[in-house]
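In case it helps, this note's numbering puts the sequence shown at residues 36 to 181. Shown next, in structure tokens, is the structure this report addresses.
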Amino acid sequence: KQWYQRRVAITAGMISLMCQVPTSAIWWASYNALLESIGMYARPNKNGRHSLYVQGGCGILSGAASAIFTNPLDVIRTRVQVGRIRSVRHVTSTLWKEEGKSMFYKGLSARITAMSSNSLLIILGYETVKRLSIKDSASTNNRSIR
Numbered sequence: 036k037q038w039y040q041r042r043v044a045i046t047a048g049m050i051s052l053m054c055q056v057p058t059s060a061i062w063w064a065s066y067n068a069l070l071e072s073i074g075m076y077a078r079p080n081k082n083g084r085h086s087l088y089v090q091g092g093c094g095i096l097s098g099a100a101s102a103i104f105t106n107p108l109d110v111i112r113t114r115v116q117v118g119r120i121r122s123v124r125h126v127t128s129t130l131w132k133e134e135g136k137s138m139f140y141k142g143l144s145a146r147i148t149a150m151s152s153n154s155l156l157i158i159l160g161y162e163t164v165k166r167l168s169i170k171d172s173a174s175t176n177n178r179s180i181r
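Shown next as structure tokens:
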């Protein structure tokens, strides 16, 4: 019984990684690409940084993009973790037979909403900490020079 519980835990962890790794990769790549492309139209400040409004908007859009591209993986992950079937291949084929193309859109609006709002909060926190860290290190360097 313990062996089975360990196997289930390892399987659940691998399935979560199957979904989270591509989501994170797409999220960061699309955030940087969006910041670069939208940044051409919104001038950065004298330090070369964009406003938090531009960064927040790019965060929201990157959350939506990663949700759209990885939603089928999330549907499969949810089905495997909630159901009694632990085979990704079996769950995927069953979903395709039962739902066809609609498996790609199942729960998409909720996922876009959740990921976009989370992305906004993450980017606002990330960029704020980055700004504060740069200010602190710049003032520390100026003090040591004097």
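By construction, the Cβ of each residue, glycine as well, lies at the ideal position given by its N, Cα and C atoms.
Which residues in the same chain as residue i place their Cβ atom closer than 7 Å to its Cβ, once the five residues preceding and following it in sequence are excluded?
{"i": "Asn153", "result": "Gly98"}
{"i": "Met75", "result": "none"}
{"i": "Cys54", "result": "Thr105, Leu108, Asp109 and Arg112"}
{"i": "Ile61", "result": "Ala100, Ser101, Phe104 and Thr105"}
{"i": "Ile50", "result": "Arg112, Val115, Gln116 and Val123"}
Mark residue i as exposed unless 16 or more other C-beta atoms lie within 10 angstroms of its C-beta, in which case mark it buried.
{"i": "Arg114", "result": "buried"}
{"i": "Ile158", "result": "buried"}
{"i": "Ser168", "result": "exposed"}
{"i": "Trp131", "result": "exposed"}
Who are the near neighbours of residue i in its chain, counting only those whose CB is closer than 6 Å to its CB and skipping five residues on each side?
{"i": "Thr163", "result": "none"}
{"i": "Val126", "result": "Ile111, Arg114, Val115 and Ile120"}
{"i": "Ile147", "result": "Ala99 and Ala102"}
Write down the C-beta distance between residue i and residue j rounded to the nearest angstrom, noting that I regard them as a contact closer than 8 Å.
{"i": "Ser86", "j": "Thr58", "result": "About 26 Å separates the two Cβ atoms, so there is no contact after all."}
{"i": "Ser151", "j": "Ile95", "result": "5 Å"}
{"i": "Ala141", "j": "Glu134", "result": "Contrary to the premise, residue 141 reads as Lys rather than Ala in this sequence. That pair is a contact at about 7 Å."}
Legend entry - Those runs of the alpha helix (DSSP H) which lie wholly inside the region 105-172 and span at least 4 residues: Here the runs fully enclosed are 123-134.
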